[in-house]
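Residue numbers (full-length UniProt numbering): 1 to 301.
Built from N, CA and C at the ideal position, the CB exists for glycine as well.
One structure is given here, and the rest of the page talks about it.
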Amino acid sequence: MELELEKQIRSREGRRESFFKLAEEVFDLSFREWYENGYWTDQYIPYALCDGDRVAANVAVNLMQLESRGQIRNYVQLGTVMTDPEYRGRGLSRRLMEEVFRDWDGRCNGMYLFANSDVLEFYPRFGFQPGEEYEWHLKLPEGKRNERGNGSFRRLDLKKTEDMEIFRRCLEKGNPYSALQMRDNWGLVMFYCGGIFKDSIFYSEAYDMVCVGEKEETGFYCHELLGDGGISLEQAVFAAAPGGTKTVVLGFSPENRLGGAAEYGLDARCILLESDVTLFFRGGEDLLAGKKLRLPELSHT
Numbered sequence: 001m002e003l004e005l006e007k008q009i010r011s012r013e014g015r016r017e018s019f020f021k022l023a024e025e026v027f028d029l030s031f032r033e034w035y036e037n038g039y040w041t042d043q044y045i046p047y048a049l050c051d052g053d054r055v056a057a058n059v060a061v062n063l064m065q066l067e068s069r070g071q072i073r074n075y076v077q078l079g080t081v082m083t084d085p086e087y088r089g090r091g092l093s094r095r096l097m098e099e100v101f102r103d104w105d106g107r108c109n110g111m112y113l114f115a116n117s118d119v120l121e122f123y124p125r126f127g128f129q130p131g132e133e134y135e136w137h138l139k140l141p142e143g144k145r146n147e148r149g150n151g152s153f154r155r156l157d158l159k160k161t162e163d164m165e166i167f168r169r170c171l172e173k174g175n176p177y178s179a180l181q182m183r184d185n186w187g188l189v190m191f192y193c194g195g196i197f198k199d200s201i202f203y204s205e206a207y208d209m210v211c212v213g214e215k216e217e218t219g220f221y222c223h224e225l226l227g228d229g230g231i232s233l234e235q236a237v238f239a240a241a242p243g244g245t246k247t248v249v250l251g252f253s254p255e256n257r258l259g260g261a262a263e264y265g266l267d268a269r270c271i272l273l274e275s276d277v278t279l280f281f282r283g284g285e286d287l288l289a290g291k292k293l294r295l296p297e298l299s300h301t
């Protein structure tokens, strides 16, 4: 049976259910609640080859707006690349990739994706080249490790209307400290903040700032800071980090390169990011080349 190309899977119930099932089987990834909560927007476009209502293979297009130094560039991030085990070895991913290129080459500033270690030789066949990301690590001084800043961060519950309103308001302001940030992608933000990070969202009324962050033993992973930026990044880090924190890792690249770190006793280091996934760029502009930046953690698909 000839496989049919589907680009409107969100509105096709049978195929949508098959897509959900395949994503769970291949990646242990659930899209169902995200869809049911209304977070699947037009910026997430699966390209699927279907055998009836069964999804045989998929490559998803994510329409991304990335802002750097006041300029917004439009990128396509590819993700959810998967093939049903019964349909592997037929070149289905290649067919889908070529269809994506036909649709989007020349309509964006470039394409990128994050690849698992077992497929690193696959994407260069399509013109993708590996890129580098850098990550900032901050070591807090001894005297500050058992203190917490006076920002009084409290956990937000996005199921509560008032907390969701706070979150959306701060999100619209963006990350005032980031050299590179994602804009206007509510669906992708809520994939994280309505899912795996739903218990890791905090708000400071004093600073009118949201922090998406996770405590990891004596470390704190600060995925995102959202708000006006009325205080310095160094102050924000101290305020958001829980007591006992020794190190803070930033999920974004600071615009000011933490020039005031020494004033606060912070040992700030920018190191090459080591991960179990590799970033690849294709065509157009590599926003990170030679700049020691990273794509924001919450922009990954």
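For residue 108, no beta strand (DSSP E) encloses it, and the DSSP letter there is neither H nor E.
Residue pairing of residue 201 in beta bridges, as defined by DSSP: 212. For residue 234, the uninterrupted alpha helix (DSSP H) run begins and ends at 233 to 240, by DSSP. Taken atom to atom, the span from the alpha-carbon of residue 272 to that of residue 207 is near 31 Å. In this structure, residue 97 lies away from residue 75, with their beta-carbon atoms at least 8 Å apart. About 6 Å separates the beta carbon of residue 131 from that of residue 286, a gap short enough to meet the 8 Å contact definition. Taking residue 222 as reference, the option from 284, 191, 241 and 37 with the minimal CA-CA separation is 241. Looking at the DSSP output, residue 134 shares a beta bridge with 272.
For residue 189, there is no enclosing beta strand (DSSP E); the enclosing alpha helix (DSSP H) has its first and last residue at 186 to 191.
Contact between residue 128 and residue 280 holds: their C-beta atoms lie close to 4 Å from each other, under 8 Å. For residue 77, the closest C-alpha among the options 126, 227, 44 and 10 is that of 44.
For the set 53, 67, 37 and 57, the Cα lying nearest the Cα of residue 46 is the one of 57.
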